[in-house]
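For reference, the structure discussed in these notes is given below.
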């Protein structure tokens, strides 16, 4: 992907003023220098690639802020993809291969969860792998979502309307309940849910850790599976995770150079797709839920520009008091915040958000992103749930 | 997506209009292409300093009466003095409610000191901004070593020519050294992120203290105060003389603060903020905008009762200059412009430039027209409007604020909200 689109940069530095990393880590050169300015140097001589680009969290807030339409975040990701780290660390391999780790961990979930909850184990992980000991590690579920789904697959076929679900690693290995909640909500609307015949991790942690070829392979597997649902069954494919959705739609062509043009319009964020159905006249019977909730906008939601759909769904719940938090990065950025060297940056980025959440007096935080949930639950006293979890609770 | 009003453009005009409408109980969305010109601005707003013929304006009433008498297409001539004053006062209140503290008043313009050491008439300025100083005072203009976006020697030389007793000074701030690793990012906003931290207060304080004993007044670049004026207030409490701040080259700290506070207010009032998106198309039927289509919302249109165009001027791409003419970017509205490219410019780059007055033509209610046909529910506000020269006439901020609030009232009065 050689492009001169970076020439549109007028050097206004608006991107740097919104960059969450620049705000707290002076070793990061900032999006203008790392993106359009650095690209000019890299085109001249690839040796001018700056290792400090690893500090970018790929939040894409620079792109949202850019008044000149420069794809700053894509430039940085693309440069990183072309200059993968020389030495592969075991830590990055473990963090980035989420579906491999999930599939070997879920059978032993109680054991692994107990172990990763122990301080000495976390100290060991930090010493041996540089996975920060202060970080609460995600819990694995006993049994995967796909396995549970088999028990309801037949029943799902009974609904006249159907949709395909890209569950992602998080629903499959960490939180199958979220997938079940989404099914409950869609079923209540008279819609049955199917899974893709095969699904790989969307690839975002692989991209972030430099496993580009592997990510491309997985992208092709996913696109083939999506293509089958779209072309043969005429279904739309939805995902509950903002980052999975964003990756399937935009990072595949922009960062991995994998063409998805024929499928992009058929991949949707689950809350947006439900919003469409309701706009078309579908009914969603909800009971009163007198809770005070605050909504946190994940970075990739901000980038896609679809916050409104989720908020509109939440506002349908009678009695719910909803406040929108200032849109800012929570700091975890997928695997980024798990790394010892990034932990202080990660927590410093999120600090203003944590403060706003603590001061909010809310019963619950709502967000469409799983890693934001981990970060918020670890760093504040509040629980954080996906909109579908709340909608499922509010079903009549 | 149903909204009472969709506002295209999230700068000063769009945000003030959105805040006013949300306060009136409307459901609004603002579509913003990226950071607006506000983050480049000084944070000071002007109301009207000169007439098109170059005469200075001493009172708002006589100034606007003169515009009307010369049948100027100026937005103020459409509004009239009474409304301009009314909406300007309202804007002052709205800014205060957002937490943006200003000095100044509609009827008593002040001469603010600019970073180039000149004086410029302003209506409102952030409280940190200095007025034209008394000749008896000694002033130290203090730069930060290595910071290129503010040049104290340049400002001092220019102020001396204007009879001010002034010297340029420079301080070292080692607390900023980590930022110097990336010299191209040694900018006001990045510096503010360091100096705004309470634990770093002693750094500027210690460096400025000796200077504050030698001068009557200190000027310093606006390199703190991204979120609030705490550091400014604390320094003024503890230094031996008053300290004022001058805006820097962009990105501007006071401008960014104004943008952030207005945006927060809009969202907290329940407004829908659509950042980094742009309107790609709009359907017009029966003389009304029926649907607005954006890049990110793809096949889902925004369906508003009213639309406000606040897309800015050439800099913000609200107006596009092509070889043969200037067009309005979103709807292709009728644009006031001089025939023939040779009449766009004057050779003297400092003279009032005709192209500055190019912009959208409206009726007296600030509604747009296309091919001479009015569009009933499309209001046009702010810098995309034609008929005024924000630079030469010193009225850019005032035009944005007053047209924005006037349009909000027209929309509110039309009774078509939920």
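Residue numbers (this note's numbering), protein chains in the order written: chain A, 89 to 484; chain B, 20 to 437. Note that the Cβ used here is the ideal one computed from N, Cα and C, for glycine as well.
Residue i classed as buried or exposed, judged by whether at least 16 other C-beta atoms fall within 10 angstroms
| i | result |
| --- | --- |
| residue 329 (chain A) | buried |
| residue 296 (chain B) | buried |
| residue 364 (chain B) | exposed |
| residue 278 (chain A) | exposed |
| residue 123 (chain B) | buried |
| residue 350 (chain A) | exposed |
| residue 454 (chain A) | buried |
| residue 437 (chain B) | Any answer about residue 437 (chain B) is weak, because its pLDDT of 42 lies below 50 and its placement is not dependable; what the coordinates show is given next. It is exposed - the Cβ of residue 437 (chain B) has fewer than 16 other Cβ atoms within 10 Å. |
| residue 166 (chain B) | buried |
| residue 281 (chain B) | buried |
| residue 121 (chain B) | buried |
| residue 285 (chain A) | exposed |
| residue 149 (chain B) | buried |
| residue 404 (chain A) | exposed |
| residue 52 (chain B) | buried |
| residue 238 (chain A) | exposed |
Residue i in three-state terms, based on DSSP
| i | result |
| --- | --- |
| residue 47 (chain B) | strand |
| residue 466 (chain A) | helix |
| residue 129 (chain B) | strand |
| residue 88 (chain A) | Not covered by the structure: residue 88 (chain A). The range shown for chain A is 89 to 484. |
| residue 279 (chain B) | helix |
| residue 437 (chain B) | Summary for residue 437 (chain B): the model assigns pLDDT 42, below 50, so the residue's position carries little reliability; its value from the coordinates is reported in the next sentence. Three-state result, residue 437 (chain B): coil. |
| residue 392 (chain A) | helix |
| residue 484 (chain A) | coil |
| residue 403 (chain B) | helix |
| residue 179 (chain B) | helix |
| residue 363 (chain B) | coil |
| residue 39 (chain B) | helix |
| residue 120 (chain A) | helix |
| residue 222 (chain B) | helix |
| residue 192 (chain B) | coil |
| residue 411 (chain A) | strand |
| residue 29 (chain B) | coil |
Chain-ordered neighbours of residue i on chain A, where CB pairs are closer than 7 Å
| i | result |
| --- | --- |
| residue 286 (chain B) | 412 |
| residue 201 (chain B) | 117, 118, 121 |
| residue 291 (chain B) | 396 |
| residue 402 (chain B) | Result: empty, since nearest Cβ-Cβ is about 14 Å, beyond 7 Å. |
| residue 20 (chain B) | 396 |
| residue 212 (chain B) | 111 |
Cβ-based neighbour list, residue i, same chain, cut-off 6 Å, excluding 5 preceding and 5 following
| i | result |
| --- | --- |
| residue 62 (chain B) | 145, 273, 274, 277 |
| residue 290 (chain B) | 37, 41, 47 |
| residue 495 (chain B) | What the structure shows of chain B is the stretch from 20 to 437, and residue 495 (chain B) is not part of that stretch, so it cannot be assessed. |
| residue 373 (chain A) | 484 |
| residue 236 (chain A) | 264 |
| residue 123 (chain A) | 160, 163, 164 |
Within chain B, partners of residue i - CB distance below 9 Å
| i | result |
| --- | --- |
| residue 100 (chain A) | 54, 58, 59, 269, 270 |
Closer than 8 Å at the beta carbon, the chain B residues around residue i
| i | result |
| --- | --- |
| residue 104 (chain A) | 204, 206, 208, 209, 270 |
| residue 390 (chain A) | 294, 295 |
| residue 125 (chain A) | 203 |
Cβ shell of residue i (< 7 Å), same chain only, five flanking positions each side left out
| i | result |
| --- | --- |
| residue 162 (chain A) | 342, 343 |
| residue 234 (chain B) | 157, 158, 159, 260 |
Proximal chain A residues relative to residue i, where beta-carbon distance stays under 8 Å
| i | result |
| --- | --- |
| residue 324 (chain B) | Going along chain A, no residue has its Cβ under 8 Å from residue 324 (chain B), so there is no contact; the nearest lies around 17 Å. |
| residue 197 (chain B) | 114, 115 |
| residue 149 (chain B) | What residue 149 (chain B) touches in chain A: nothing, since even the nearest Cβ is about 24 Å away. |
| residue 283 (chain B) | 414 |
| residue 315 (chain B) | 392, 393, 394 |
Proximal residues to residue i (C-beta, below 8 Å), its chain only, five neighbours per side dropped
| i | result |
| --- | --- |
| residue 258 (chain B) | 224, 227, 228, 231, 237 |
| residue 119 (chain A) | 103, 104, 107, 110, 144, 150, 160, 161, 164 |
| residue 193 (chain A) | 200, 228, 261 |
| residue 20 (chain B) | 48, 316, 319, 320, 321, 322 |
| residue 445 (chain A) | 382, 384, 413, 453, 464, 468, 470 |
Where residue i meets chain A, residues with beta-carbon distance less than 9 Å
| i | result |
| --- | --- |
| residue 277 (chain B) | None at all; the shortest Cβ gap to chain A is about 13 Å. |
**Segment contact flag, the region 318 to 330 of chain B with the region 359 to 374 of chain B, C-beta cutoff 8 Å, min 3 pairs** = Judged by Cβ distances under 8 Å, the region 318 to 330 of chain B makes no contact with the region 359 to 374 of chain B, as fewer than three pairs qualify.
**Asked** How do the region 450 to 467 of chain A and the region 208 to 227 of chain A stand: do at least 3 beta-carbon pairs fall below 8 Å, yes or no?
**Response** Taking a cut-off of 8 Å for Cβ pairs, the region 450 to 467 of chain A and the region 208 to 227 of chain A touch, as three or more such pairs fall below it.
**Request:** Report yes or no: do three or more beta-carbon pairs, one from the region 206 to 226 of chain B and one from the region 99 to 112 of chain A, lie closer than 8 Å?
**Result:** With a cut-off of 8 Å, the region 99 to 112 of chain A and the region 206 to 226 of chain B count as touching, because enough Cβ pairs lie within range.
**Asked** Does the region 293 to 310 of chain A come close enough to the region 164 to 174 of chain A to have 3 or more Cβ pairs within less than 8 Å?
**Response** yes
**Prompt:** Is it true that the region 445 to 459 of chain A meets the region 381 to 389 of chain A, where meeting means three or more beta-carbon pairs spaced less than 8 Å apart?
**Reply:** yes
**Prompt:** Is the region 336 to 343 of chain B close to the region 304 to 319 of chain B, with three or more CB pairs under 8 Å?
**Reply:** no
**Message:** When you compare the region 434 to 445 of chain A with the region 412 to 422 of chain A, are there three or more beta-carbon pairs, one atom per stretch, that lie closer than 8 Å?
**Reply:** yes
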